[in-house]
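Visitor: Have a look at this one before I ask anything.
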Amino acid sequence: MTKEKPRFYKSDKKPIWCTGCGDFTVLTSLAKALSKLELSREEVAVISGIGCSSRLPAYTSVYGFHGIHGRALPIATGLKVARPELTVLAASGDGDCFSIGTNHFIHTCRRNVDITLIVMDNHIYGMTKGQVSPTTEIGFADKLATHDSDLQPLQPLALALVSGASYIARAYSGEPEQLTDILVEAIKHPGFSFIHLLCQCITYCPEQKEWKKLVQPFAETTSDYAKANKMIEQDNGLQTGVVYNSARRVWPAATDPGTLQSLDELDKQFIK
Ligand SMILES: Cc1ncc(C[n+]2csc(CCOP(=O)(O)OP(=O)(O)O)c2C)c(N)n1
Ligand SMILES: [Mg+2]
């Protein structure tokens, strides 16, 4: 197909995200990445759960599915296994992926399912107006969950590595070019690609504007598990770039024909 401009991959729906929301960067960078990869709309599907971040599919012009809370990954896995020729992306938030969806995250890493996941981590439940999430920093004031405000935040990169993810990166919503480059590489990567995005929500966490001054690149990208483990252990949560890129058995395999049957074949099973 002829190369299309990034706007080709955006829908005519106007995002309802707040002004200054980091989710806009994901839409812009994803559209640019799909343009760079010269993919047709019919070759791509974006699957999400629930949350501000999970509204992403509606704002793209590729195939999409706005699922239920925490269930982006099982839906994306089912689609990829049925239609291995599709480029399948999953979009999630920190609440969606690391609270109700944590088990799916672990098993998708473990299975090395050939999809790309972007988690827009704003450290809170944005859509429901700013409650603590599993990645909320210690000390965040939340009237509804005071007992959760002194809990150690979950470490998404560490969880991804020990669970078997083969591609692990972090990006920042204030650096759209870096996110575009990571998305291009992650989509091409055979196996599960996890992009952890520091995604500012200045409505409920205005202090996240400071991220701009604090983010720093990881020293290097490694394919060595022990080295990645060390780098992630020493990470302060504000380093960006690809930290781990390795190769292992992928599901579905490149030669897998998929399980999708034609409507005629399905009809025959149900209509006697
Ligand atoms: C099963 C279920 N539980 C709770 C909710 C309410 N709910 C909607 S969005 C949301 C949190 C979303 O937070 P996050 O995934 O971090 O996305 P954000 O809005 O911050 O982008 C919750 C708890 C729901 N829709 N379904
Ligand atoms: Mg969130």
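The sequence shown stops at residue 782 when you use the numbering used here, and every number in between is there.
Backbone N, C-alpha and C fix where the C-beta goes; we use that ideal spot for every residue, glycine too.
Since this is a predicted model, take the numbers as computed values, not measurements.
Could you tell me the distance, in whole angstroms, from the CA atom of ASP522 to the CA atom of TYR573?
Guide: Going by the C-alpha atoms only, they are around 14 Å apart.
Visitor: Within this structure, are the beta carbons of VAL536 and ASN622 separated by less than 9 Å?
Guide: No, the pair does not count as a contact, with Cβ atoms beyond the cut-off.
Visitor: Output the distance between the C-alpha atoms of TYR635 and PHE728, rounded to the nearest integer angstrom.
Guide: When rounded, the distance between both Cα atoms is 27 Å.
Visitor: Taking DSSP as the reference, what is the three-state secondary structure of ASP652?
Guide: Note: ASP652 maps to coil in three-state DSSP.
Visitor: Just to check, is the beta-carbon of ASN746 closer than 8 Å to a non-hydrogen atom of ligand 1?
Guide: ASN746 Cβ: outside cutoff for every heavy atom of ligand 1.
Visitor: Grouping DSSP H, G and I as helix and E and B as strand, with all else coil, what is HIS706?
Guide: Reduced to three states, the DSSP call for HIS706 is strand.
Visitor: Residues in the same chain with beta-carbon distance under 6 Å from GLN688, minus the five sequence neighbours each way, listed in chain order, please.
Guide: Taken in chain order, the residues that qualify are ALA681.
Visitor: Can you give me the C-alpha to C-alpha distance between GLY559 and SER683, rounded to a whole angstrom?
Guide: Computed Cα separation, rounded: 20 Å.
Visitor: Is ASP522 helix, strand or coil by DSSP?
Guide: In this structure, ASP522 counts as coil in the three-state DSSP scheme.
Visitor: Can you tell me which of LEU589, GLU514 and THR512 puts its alpha carbon nearest to the alpha carbon of LEU770?
Guide: If we check each option's Cα against that of LEU770, LEU589 comes out closest.
Visitor: Which residues in the same chain as VAL752 place their Cβ atom closer than 6 Å to its Cβ, once the five residues preceding and following it in sequence are excluded?
Guide: If we look at VAL752 and ignore the five residues flanking it on each side, its Cβ neighbours are ALA679 and THR731.
Visitor: Is there contact here, the stretch 718-725 with the stretch 553-570, by at least three beta-carbon pairs under 8 Å?
Guide: No, they do not touch.
Visitor: Quick one: measure Cβ to Cβ for CYS528 and ASN632, integer angstroms, because I've assumed they're closer than 8 Å.
Guide: That belief does not hold up - the Cβ atoms of CYS528 and ASN632 are roughly 11 Å apart, past 8 Å.
Visitor: Give, in chain order, every unbroken run of the beta strand (DSSP E) that is at least 3 residues long and sits entirely within the stretch 705-742.
Guide: Counting only runs of 3 or more, we get nothing.
Visitor: Given the structure, does ASN613 come close to ligand 1, in the sense that its CB is under 8 Å from one of the ligand's heavy atoms?
Guide: No; taking the cut-off as 8 Å, the Cβ of ASN613 has no heavy atom of ligand 1 nearer than that.
Visitor: Tell me the DSSP secondary structure of SER602 in three-state form.
Guide: If DSSP states are grouped into helix, strand and coil, SER602 belongs with the strands.
Visitor: Rounded to the nearest angstrom, what separates LEU667 and TYR677 at their Cα positions?
Guide: C-alpha separation (whole angstroms): 10 Å.
Visitor: Within the same chain, show all residues whose beta-carbon is closer than 8 Å to that of SER550, passing over the 5 residues directly before and after it, in chain order.
Guide: Here the set comprises MET511.
Visitor: Under 8 Å from any heavy atom of ligand 2, does the C-beta of TYR635 make it?
Guide: TYR635: yes, Cβ under 8 Å from ligand 2.
Visitor: Assess contact between the stretch 740-758 and the stretch 593-606, defined as three or more Cβ pairs (one per stretch) separated by less than 8 Å. Is contact present?
Guide: Contact between the stretch 740-758 and the stretch 593-606 is absent, because fewer than three Cβ pairs lie under 8 Å.
Visitor: Tell me whether ASP652, by its Cβ, gets closer than 8 Å to a heavy atom of ligand 2.
Guide: Incorrect: ASP652 has no Cβ contact closer than 8 Å to ligand 2.
Visitor: Less than 9 Å between the C-beta atoms of GLY532 and LEU707, yes or no?
Guide: Contact flag set, yes.
Visitor: Counting C-beta neighbours from all protein chains within 10 Å, is the total for GLN718 16 or more, i.e. buried, or is it exposed?
Guide: Classification of GLN718: buried, given that the 10 Å Cβ count is 16 or more.
Visitor: Shorter than 8 Å, the distance from the beta carbon of CYS562 to the closest heavy atom of ligand 2, or not?
Guide: Within the cutoff, so yes.
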